[in-house]
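Be aware that the sequence shown starts at 136, since it is given in my numbering, and climbs by one per residue. Every residue, glycine too, gets a C-beta built ideally from N, C-alpha and C. Notes follow once the structure below has been shown.
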Amino acid sequence: MNKMNICFALLVSVCSTLGCQRVQPFPDDVIGVDTSKYEYPAPWKKGYMDIHQISTGRGDVAYLILPDGTTMMVDMGDLGVNNYTQEIMGAKPSPAKKPAEWVARYIKHFAEPVGNDGRIDYMMVTHFHGDHIGAFDKLALTSDKRTYKLQGITHLSELLQIDRIVDRGWPDYNYPSSSQVNSSNSGIANYIRFMGDRATEGKVNEKFAVGSTKQFTLLNDKGYDFKVMNLAGNLEYWNGTNISKYSLSTNDENEYSLAVRISYGKFDWYTGGDIKNEGYEDAISKVAGTTDVVVCNHHAYSDAMHAGFVKNMDASAWIVPCWDYYHPQPDPLQRMLAETAGGEKMVFSAGLVESNRFRLGENGKKIKAGHIMVRVYEGGDTFQIFVLNDGDEYYEIIDKTEILKSR
């Protein structure tokens, strides 16, 4: 075999190993790549609120820059070993790095105007499943400095400073029982050790307070019309007056997920982890009401995003956190796309299994997929949604909406 053939064979081998996920070469790989043809979001500035649903192909992760530069994350998933029988997404932008590494790089890029080196003021953990906190399997990294392994949140914490973590179980992790919490994820003990070490180091951990509007606040400038409403968690929900308990006997960790509604001026955004029970969804959505942008419950599987929830939220845009062939399913997608008095609906997906798009037919063609960035303009009266390429690190715009009015 001549040298050219050997080189080609090696290239094929490398591509097979890494999956050749990149749409474009990475900036540090190739010198002289012309990026002038690309369009990028303008940098964040004070008064804007930017919400990024990041596509990694390995779990849920959202990053927010609030109007005063306070930063927040919701979840940091890492599926770990792929032992799924159905097709799942390839790692984005490639398997060359761990999900937490890609996310840290993404955050540092978009946090440059904030000037905080990617520091996270608040991390909200919706629940204790691997695609939301990290699977902690044989792919987890070992650290000589730590009593726990590094995967998902625990890995990200080594790459970025996380000042405050809010979850559903701190400090006892025993609701509804210790066995229930520990059965939710084979590596939950790893996460609990991580949280214990944080406390020993003087870092702040808190239990989510349903009904509170004081747990997540602006830290730099409180002069904005801004509020985070803690809607639900541990099967409790704010009913508009006080806290109600939803009666549901279940061992499903998903149902204990945390849900919040973030409001900036007239603009509202919702995220609720993997809540999926129809009656519970309905109760939460009646209080939340019309919401401009909604992150879909339970990845828009067929067991979530029921008709009452979709009708009550009446979102202009729905965002599906994606990694599985079944994100989203046909019936929830049809409900989300149904036009109402509130106008035409849009569905975005943080990544997508392309064979699922084909399976979903004409409705699948309507899904815009990639990193999903929602920019709320100063004051909250208007917003715009950008789809960014998740196959490279240029983060160029591949689709965008017009500037939309908040409702």
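Query                                                                                                           : Result
Gly215 versus Gly358 - alpha carbon distance                                                                    : 42 Å
Pairwise C-alpha distance: Arg240 and Ile268                                                                    : 18 Å
Beta-carbon proximity check, Lys500 vs Asp516, cutoff 8 Å                                                       : no
Supposed close pair Tyr183, Tyr512 - CB separation, criterion 8 Å                                               : 6 Å
The stretch 404–419 touching the stretch 434–447, judged by at least three CB pairs closer than 8 Å             : yes
Proximal residues to Asn386 (C-beta, below 8 Å), its chain only, five neighbours per side dropped               : Gln315, Ser318
Minimum length 4: unbroken alpha helix (DSSP H) runs contained in the stretch 188–218                           : none
Given 8 Å, three or more beta-carbon pairs between the stretch 294–308 and the stretch 219–233                  : no
Residue nearest to Gly477 in terms of C-alpha spacing, selected from His506, Val509, Gly424                     : Gly424
Close beta carbons around Gly400, own chain, < 7 Å, minus the five adjacent residues each side                  : Asp360, Gly514, Gly515, Asp516, Ser541
Glu416 - containing alpha helix (DSSP H), residue span                                                          : 413–423
Alpha-carbon to alpha-carbon, Arg510 and Met481                                                                 : 16 Å
Exposed unless 16 or more other CB atoms sit within 10 angstroms - verdict on Thr191                            : buried
Exposure of Asp177, with buried meaning 16 or more beta-carbon neighbours within 10 Å                           : Strictly speaking, residue 177 in this sequence is Ala, with Asp absent from that position. Per the 10 Å Cβ criterion, exposed.
Span separating the alpha-carbon of Glu497 from that of Thr282                                                  : 50 Å
Helix, strand or coil at Asn251 according to DSSP, with G and I counted as helix                                : coil
Segment limits, alpha helix (DSSP H) that includes Asp332                                                       : 323–335
3 or more residues per run - each beta strand (DSSP E) lying fully within the stretch 331–417                   : 339–342, 361–368, 371–373, 378–380, 394–399, 402–406
4 or more residues per run - each alpha helix (DSSP H) lying fully within the stretch 465–542                   : 465–472, 489–494, 496–499
Opening and closing residue of the beta strand (DSSP E) in which Pro306 lies                                    : Per DSSP, Pro306 belongs to no beta strand (DSSP E) and is neither H nor E.
Coarse secondary structure for Met448, derived from DSSP in three states                                        : helix
Span separating the alpha-carbon of Ile166 from that of Ala235                                                  : Only weak support exists for where Ile166 lies, its pLDDT of 47 falling under 50; the coordinates are left without a value.
Own chain partners of Val339 with C-beta closer than 6 Å, once the 5 adjacent residues on each side are dropped : Arg299
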